[in-house]
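To start, the structure itself, in structure tokens.
Okay, structure coming up:
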């Protein structure tokens, strides 16, 4: 039989664990909301690049797909087809770099928020940590559950 002091200690630990779990769930919910907003914003992200000679401007969507190519009104007068093709490729590379940078800026807060969440190894003893290599099928017990009694 459990005495009063032990029962009180168990209740206190239970309360502390519930608080910790509630805090973690709140952090996960905030991160999920943040991720949904970031996903939506990334989908709307656009980038553009202009060639160094100013003859070509290329616009791309978040996936790097070209959505527009704008040529200077005098592009055909000022350059050869080869140079115009080179200017177009340059503008496309710059547009892609632009959209990647914008996407990274949108996602930075989401990645930073991961620091608020504990690693699985902090919650469950013997669980793999974020930097641990995946288990090898050659290792004994590689497929054993990390949760005590979960495999019974």
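Numbering (the numbering used here), first residue to last: 141 to 292.
Just so you know, even glycine gets a beta-carbon here, dropped at the ideal spot from N, CA and C.
In this text, all values refer to a predicted model and were calculated from it rather than measured experimentally.
Spatial distance of residue 274 from residue 251 (CA atoms):
Whole-angstrom Cα-Cα distance: 22 Å.
Residue 218 and residue 210 - do their beta-carbons sit closer together than 8 Å?
Against a cut-off of 8 Å, the Cβ pair of residue 218 and residue 210 comes out as no contact.
Applying the criterion that 16 or more other CB atoms from any shown protein chain within 10 Å of the CB defines a buried residue, is residue 272 buried or exposed?
Classification for residue 272: exposed.
Return the Cβ separation of residue 232 and residue 189 in integer angstroms, given the expectation that the two are a contact with Cβ distance under 8 Å.
Right, their Cβ atoms sit about 7 Å apart.
Give me, in chain order, the residues of the same chain whose beta-carbon lies closer than 6 Å to that of residue 246; leave out the 5 immediate sequence neighbours on both sides.
Closer than 6 Å at Cβ, skipping near neighbours: 178, 181 and 182.
Rounded to the nearest angstrom, what separates residue 221 and residue 195 at their Cα positions?
About 12 Å.
Beta-ladder partner(s) of residue 227, from DSSP:
According to DSSP, which records beta bridges pairwise, residue 227 is partnered with nothing at all.
If we ignore side chains and look at the alpha-carbon of each, how far apart do residue 280 and residue 147 end up?
About 39 Å.
For residue 213 and residue 166, I'd like the C-alpha separation in whole angstroms.
Residue 213 and residue 166 have their C-alpha atoms spaced approximately 55 Å apart.
Specify the secondary structure class of residue 147 as computed by DSSP and reduced to three states.
Helix.
I need the straight-line Cα distance from residue 193 to residue 187, nearest angstrom please.
Their backbone Cα atoms lie some 19 Å apart in a straight line.
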